[in-house]
Amino acid sequence: MLHARLAPRRSAVRATTWWGKAWVRAVEEAAYAESELVAARALARQGHVGQIATEPGRFVASVEDRRGLWTVEGSVPVLDRRDLDLLVEAVAAESGRIAALLAGELPYGLVEHADEAGVELLPYGGELGSSCTCDHWADPCVHALAVLQQLTWLVEADPFVLLQLRGLPRDDLLGRLHERAGSDRVEGLGLDLEPDLEAAVEAALYAARLLQDGDGSAEAE
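For the sequence shown, the residue numbers in the numbering used here are 6 to 226.
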């Protein structure tokens, strides 16, 4: 099941957050040539990228240019079970981290904490895979680069999109935090949980239910 996240948008793609800029750097690393990046930015800026849909490890979108309409399918490696467990532990280490994520912020301390545990949340260029119905020899092609550029808006506006692509959707994370909220310590890393973590998770789950009930049309199968 793919969840629709972003309708076409017509304006320049400029990252404004530190994690958005890191995403853009990965896209730039993935490109074969600067000329292809320039062409991809133009397609994104002019509104030629259609609605983007995402799911764990995968995203899909259409791109239209003067030659036709193309379908781009992209991939981001999902974290394995061990890394997902460590990522959940990093989020649970401070109750303010889940509140920040729900507010649309990706705490630098969370990413740094995960990195110290051996978990890389932000992808690098070589991890961004793609395929396109066009006949271009390069991977990623200009169309795929345009979609990756457009994905910057999603990742910046909602860091849960990044977690979802890495294999940890919002509901899964909230559920796992709720299950472990009664523990006195985070196993493995030996980290003390904040005393109000359970209350924070309960509030987050309640907010998530309200958002789902009030915006049920945001998801498309």
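Here a beta-carbon is modelled for each residue, glycine too, at the ideal position from N, C-alpha and C.
Inter-residue Cα distance where the pair is residue i and residue j
{"i": "residue 152", "j": "residue 174", "result": "21 Å"}
{"i": "residue 155", "j": "residue 119", "result": "26 Å"}
{"i": "residue 16", "j": "residue 165", "result": "With a pLDDT of only 45 at residue 16, under the threshold of 50, the placement of this residue in the model should not be trusted, and no figure is reported."}
{"i": "residue 7", "j": "residue 99", "result": "Here residue 7 scores only 48 on pLDDT, less than 50, and its place in the model is too uncertain to base an answer on."}
{"i": "residue 48", "j": "residue 177", "result": "34 Å"}
{"i": "residue 42", "j": "residue 56", "result": "20 Å"}
{"i": "residue 117", "j": "residue 86", "result": "19 Å"}
{"i": "residue 141", "j": "residue 38", "result": "14 Å"}
{"i": "residue 139", "j": "residue 163", "result": "30 Å"}
{"i": "residue 121", "j": "residue 110", "result": "20 Å"}
{"i": "residue 72", "j": "residue 148", "result": "12 Å"}
{"i": "residue 144", "j": "residue 68", "result": "15 Å"}
{"i": "residue 105", "j": "residue 59", "result": "22 Å"}
{"i": "residue 224", "j": "residue 82", "result": "For residue 224, the predicted model reports a pLDDT of 41, less than 50, meaning its position is unreliable; a value from the coordinates is still stated below. Answer to the nearest angstrom: the Cα atoms are 23 Å apart."}
Endpoints, the alpha helix (DSSP H) within which residue i is located
{"i": "residue 63", "result": "It is not in any alpha helix (DSSP H) - residue 63 instead sits in the beta strand (DSSP E) that spans 63-70."}
{"i": "residue 160", "result": "147-162"}
{"i": "residue 79", "result": "That residue, residue 79, is in no alpha helix (DSSP H); its beta strand (DSSP E) goes 73-80."}
{"i": "residue 101", "result": "100-107"}
{"i": "residue 87", "result": "86-97"}
{"i": "residue 113", "result": "113-121"}
{"i": "residue 42", "result": "39-50"}
{"i": "residue 34", "result": "23-35"}
{"i": "residue 130", "result": "Unbroken run through residue 130: none, as it is neither H nor E."}
{"i": "residue 175", "result": "175-185"}
Closest Cα partner of residue i within the set the options
{"i": "residue 46", "options": "33, 112 and 126", "result": "33"}
{"i": "residue 179", "options": "60, 93, 49 and 58", "result": "93"}
{"i": "residue 131", "options": "36, 102 and 27", "result": "36"}
{"i": "residue 182", "options": "48, 51, 91 and 40", "result": "91"}
{"i": "residue 133", "options": "140, 150 and 101", "result": "150"}
{"i": "residue 44", "options": "102, 146 and 97", "result": "146"}
{"i": "residue 77", "options": "88, 127, 38 and 137", "result": "137"}
{"i": "residue 53", "options": "75, 19 and 38", "result": "75"}
{"i": "residue 124", "options": "143, 168 and 72", "result": "168"}
{"i": "residue 161", "options": "108, 65, 103 and 89", "result": "108"}
{"i": "residue 70", "options": "50, 30 and 102", "result": "50"}
{"i": "residue 66", "options": "144, 104 and 135", "result": "135"}
The beta strand (DSSP E) enclosing residue i, as first and last residue numbers
{"i": "residue 134", "result": "134-137"}
Residue i vs residue j beta-carbon contact at 8 Å
{"i": "residue 113", "j": "residue 23", "result": "yes"}
{"i": "residue 172", "j": "residue 84", "result": "yes"}
{"i": "residue 80", "j": "residue 63", "result": "yes"}
{"i": "residue 95", "j": "residue 185", "result": "no"}
{"i": "residue 61", "j": "residue 159", "result": "no"}
{"i": "residue 28", "j": "residue 127", "result": "yes"}
{"i": "residue 31", "j": "residue 157", "result": "no"}
{"i": "residue 102", "j": "residue 89", "result": "no"}
Chain C within 8 Å of residue i, Cβ atoms only
{"i": "residue 42", "result": "Among the chains in the structure shown there is no chain C, since it carries only a single protein chain."}
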